[in-house]
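See below for the structure under consideration.
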Amino acid sequence: MKEVVVEVKNFRKTYADFVAVDQISFDVFQGEIFGLLGPNGAGKTSTLECLEGLRKPSAGSMRVVGLDPSSEFPKLKNKIGVQLQSSGLPESITPDEAMRFFCAYHGTTPRYDLLDRMGLTLKRKNQFFELSTGQQRRLALALAVAHDPKVIFLDEPTAGLDVATRVELHTLMRELQASGTTIILATHDMAEAEQLSNRVAILLHGKIERLGSPLEITATGAGLTKISVHSQNGCLASQANGFPAVQQHTNKDEYQIYFSADIGPTVSAIIDFLQREGDPLIDLRVERPTLEDRFLEITNSGGAK
Amino acid sequence: MNAFLHHFSFEFRTGIRNKTLLMMNYLFPLGFYLMMGFIMGAINPLFQEDIIPAMTIFGVLAATLLGIPDPLVNARENGIFRSYKINGVPSFSILAIPAITTMMHLLIMTAIITVSAPLLFHSLVPVNWVNFVFVFVVSAFACAGISVLIGVISPSSRMTVLFSQLIFVPSMILGGLMLPYNMLPAAAGKFAQLLPATQAMNAFKGLAMGKVADFSAWGSLIALLVSGLIAFVLAAFLFRWDSHNTARKGHPLMALLVLLPFVVGILFQI
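Heads up: the protein sequence lines correspond to chains Z and X, in order. Here the first sequence is numbered in this note's numbering, starting from 4 and rising by one per residue. Here the second sequence is numbered in this note's numbering, starting from -15 and rising by one per residue.
Here it is, written out as structure tokens:
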């Protein structure tokens, strides 16, 4: 049984009369990447800020590596790393200075190698405002992990990054996970969450609507599988819902797209139909529902299970 | 201590690297000093007696009131303080380091003025250098404290400018920098005593320049010192890590307590 490093029990956060988070509970285990998903205003930021010690919960309890973030923050600060959504750095600081500055406050040796790893070798003497958005985000991530924290909070870590840098950051996150670091990832990028997270929590209106692995979450709900078919003569155009288990049909470009509740009979029937019609198959793709599909389904239904 | 030194080192370099701060710490005060030296020296020969303390105080006002508050407000608004808090930067460092680094820049600026003024403008030099440095340090301390307090209580950059100008503009007109204090009408004189610039000018005259102070020079020095202490204590008390956090320990109007030592000074003279 893995150690619980983040424990949230009946956590509630209110701002005057507005309830931002309403009695949520979840645990995060050591070495886990835990995705915190939800539309804007769902309560992700309030949850993160309370876990990071920036705000106090209105009710309930929180423990991060066994410490209460609001009352034991001085002990906690060296055990967590945070990459905020905003830059969080002065305009005139250089990456080298920032590394020295933050590592000094954490009492650790500056990790200039991380700057090189993040592709900032040539920018180490440049001022922060001279860096591109991607470079600023990479620097923020390097600073968040430089003191070797046990738990890392990442708020939209790859927003505004190019593909290569995103891949590099994902590799770094997996390496951190392999070394036992726990990562709590708040993101709007569903593909990223699905690819990286061991488990995700989907927040809606301050409550957890779904909690589980991406596979578990995508397996529930309508669960329709998307089957896209392109044939040479386009004979499928006349067959909208004529195949077994097909519940929805649409078309895009040359493709006929079927949403099936049971892919085996549907695919067999499509192939049989094409053979009977003598229409050669050019392309057939089967895609299970993604986390994004499921997320949209949940948020569009207002959270009804 | 190591962290404090790294923080200090970065902030000190920012005072030169950042164009706005470079302007407030050096270019604006020294440019104004040269302009006033050439113009006022030709119009009013008596200005030669006051050019060193007057331009030193002008530099202090510019670097502190116009240079310190806005970066503090911007840092709070842009989430820099939140980042500092998460990484263990204490609020003491956030408030003290900009004040100390600004005072270091002011020391350099003042040295340039005191060395060049006798050569360029045949100005009167201080007769008591120890007291000159002492008055300078206390004046800079008081103005830095008030500026840090403005940065802490200001809800936005726009309000910061307003609060800073509420002290800066009257200081320029009534603070004894351009117009001698003893030429002011009595009521204006009393009002002027609420300004750190008036108190600093009076202390320079009585304690460092070998002239007769308009009112108690030591009283001015003590009022400046106490006002600076109150300002830093209030700034620490009213400090907020971010603008969204509604929990504040006291009301911003408490900042007016920095004027208390000057009010007491006026009442005691009555």
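In this text, a Cβ means the ideal position worked out from N, Cα and C, and glycines have one as well.
Could you name the residues of chain X that residue i contacts, counting a contact when the two beta carbons are closer than 7 Å?
{"i": "residue 91 of chain Z", "result": "63, 64, 66, 67"}
{"i": "residue 55 of chain Z", "result": "70"}
{"i": "residue 85 of chain Z", "result": "70"}
Could you name the residues of chain Z that residue i contacts, counting a contact when the two beta carbons are closer than 9 Å?
{"i": "residue 73 of chain X", "result": "104, 105, 108"}
{"i": "residue -9 of chain X", "result": "104, 107, 108"}
Roughly how many whole angstroms lie between the Cα atoms of residue i and residue j?
{"i": "residue 254 of chain X", "j": "residue 174 of chain X", "result": "Confidence at residue 254 of chain X is low in this model, with a pLDDT of 48, below 50, so the placement of that residue is unreliable and no value is reported for it."}
{"i": "residue 113 of chain X", "j": "residue 101 of chain Z", "result": "40 Å"}
{"i": "residue 181 of chain X", "j": "residue 52 of chain Z", "result": "43 Å"}
{"i": "residue 217 of chain Z", "j": "residue 67 of chain Z", "result": "24 Å"}
{"i": "residue 252 of chain X", "j": "residue 242 of chain X", "result": "17 Å"}
{"i": "residue 21 of chain Z", "j": "residue 11 of chain X", "result": "49 Å"}
{"i": "residue 176 of chain X", "j": "residue 211 of chain X", "result": "15 Å"}
{"i": "residue 46 of chain Z", "j": "residue 80 of chain X", "result": "35 Å"}
{"i": "residue 275 of chain Z", "j": "residue 238 of chain Z", "result": "12 Å"}
{"i": "residue 92 of chain Z", "j": "residue 82 of chain X", "result": "15 Å"}
{"i": "residue 252 of chain Z", "j": "residue 207 of chain Z", "result": "29 Å"}
{"i": "residue 65 of chain Z", "j": "residue 72 of chain Z", "result": "7 Å"}
{"i": "residue 202 of chain Z", "j": "residue 59 of chain Z", "result": "25 Å"}
{"i": "residue 116 of chain X", "j": "residue 50 of chain Z", "result": "55 Å"}
{"i": "residue 94 of chain Z", "j": "residue 67 of chain X", "result": "13 Å"}
{"i": "residue 111 of chain X", "j": "residue 8 of chain X", "result": "28 Å"}
{"i": "residue 210 of chain Z", "j": "residue 18 of chain Z", "result": "16 Å"}
{"i": "residue 76 of chain Z", "j": "residue 172 of chain X", "result": "51 Å"}
{"i": "residue 57 of chain X", "j": "residue 140 of chain X", "result": "6 Å"}
{"i": "residue 107 of chain X", "j": "residue 41 of chain X", "result": "16 Å"}
{"i": "residue 128 of chain Z", "j": "residue 266 of chain Z", "result": "57 Å"}
{"i": "residue 37 of chain Z", "j": "residue 31 of chain Z", "result": "7 Å"}
{"i": "residue 270 of chain X", "j": "residue 54 of chain X", "result": "Within the shown structure, residues of chain X are numbered from -15 to 254, placing residue 270 of chain X beyond reach of any answer."}
{"i": "residue 6 of chain X", "j": "residue -3 of chain X", "result": "10 Å"}
According to the Cβ coordinates, are residue i and residue j closer than 7 Å?
{"i": "residue 221 of chain Z", "j": "residue 297 of chain Z", "result": "yes"}
{"i": "residue 160 of chain Z", "j": "residue 82 of chain Z", "result": "no"}
{"i": "residue 117 of chain Z", "j": "residue 126 of chain Z", "result": "no"}
{"i": "residue 39 of chain Z", "j": "residue 193 of chain Z", "result": "no"}
{"i": "residue 125 of chain X", "j": "residue 138 of chain X", "result": "no"}
{"i": "residue 119 of chain X", "j": "residue 188 of chain X", "result": "yes"}
{"i": "residue 47 of chain X", "j": "residue 90 of chain X", "result": "yes"}
{"i": "residue 346 of chain Z", "j": "residue 283 of chain Z", "result": "Here chain Z comprises residues numbered 4 to 308, so residue 346 of chain Z is not present and cannot be evaluated."}
{"i": "residue -13 of chain X", "j": "residue 107 of chain Z", "result": "yes"}
{"i": "residue 259 of chain Z", "j": "residue 232 of chain Z", "result": "yes"}
{"i": "residue 198 of chain Z", "j": "residue 34 of chain Z", "result": "no"}
{"i": "residue 86 of chain Z", "j": "residue 143 of chain Z", "result": "yes"}
{"i": "residue 248 of chain Z", "j": "residue 269 of chain Z", "result": "yes"}
{"i": "residue 122 of chain X", "j": "residue 209 of chain X", "result": "yes"}
{"i": "residue 301 of chain Z", "j": "residue 219 of chain Z", "result": "no"}
{"i": "residue 133 of chain X", "j": "residue 213 of chain X", "result": "no"}
{"i": "residue 97 of chain X", "j": "residue 17 of chain X", "result": "yes"}
{"i": "residue 249 of chain X", "j": "residue 190 of chain X", "result": "no"}
{"i": "residue 228 of chain Z", "j": "residue 200 of chain Z", "result": "no"}
{"i": "residue 222 of chain X", "j": "residue 136 of chain X", "result": "yes"}
{"i": "residue 128 of chain X", "j": "residue 86 of chain X", "result": "yes"}
{"i": "residue 310 of chain Z", "j": "residue 188 of chain Z", "result": "Summary: the structure shown does not reach residue 310 of chain Z, with chain Z confined to residues 4 through 308, and so no result is reported for it."}
{"i": "residue 21 of chain X", "j": "residue 105 of chain X", "result": "yes"}
{"i": "residue 51 of chain X", "j": "residue 13 of chain X", "result": "no"}
According to DSSP, which residues form a beta bridge with residue i?
{"i": "residue 251 of chain Z", "result": "Z:262"}
{"i": "residue 157 of chain Z", "result": "Z:86, Z:188"}
{"i": "residue 30 of chain Z", "result": "Z:10"}
{"i": "residue 18 of chain Z", "result": "Z:21"}
{"i": "residue 204 of chain Z", "result": "Z:39, Z:214"}
{"i": "residue 286 of chain Z", "result": "Z:233"}
In chain X, what lies closer than 9 Å to residue i by C-beta?
{"i": "residue 96 of chain Z", "result": "-6, -2"}
{"i": "residue 100 of chain Z", "result": "-10, -7, -6, -3"}
Going along chain Z in order, which residues have a C-beta closer than 8 Å to the C-beta of residue i?
{"i": "residue 318 of chain X", "result": "Residue 318 of chain X cannot be examined here, being either before or after the span of chain X that is shown, -15 to 254."}
Against residue i, what residues of chain X qualify as contacts under a CB-to-CB distance less than 8 Å, listed in chain order?
{"i": "residue 80 of chain Z", "result": "70, 71, 72"}
Could you tell me which chain Z residues have their CB closer than 7 Å to the CB of residue i, listed as they occur along the chain?
{"i": "residue 59 of chain X", "result": "93"}
{"i": "residue -14 of chain X", "result": "107"}
At 8 Å on the CB atoms, spell out the chain A contacts of residue i, in chain order.
{"i": "residue 159 of chain Z", "result": "Chain labels in this structure do not include chain A; the protein chains are Z and X."}
Just to confirm the assignment: which complete alpha helix (DSSP H) runs, minimum length 4, are found wholly within the region -13 to 24 of chain X? 3 to 6
Whole beta strand (DSSP E) runs in the region 57 to 139 of chain Z with 3 or more residues, listed along the chain? 62 to 67, 83 to 86
Unbroken alpha helix (DSSP H) runs of length 4 or more, entirely within the region 140 to 174 of chain X: which are they? 141 to 158
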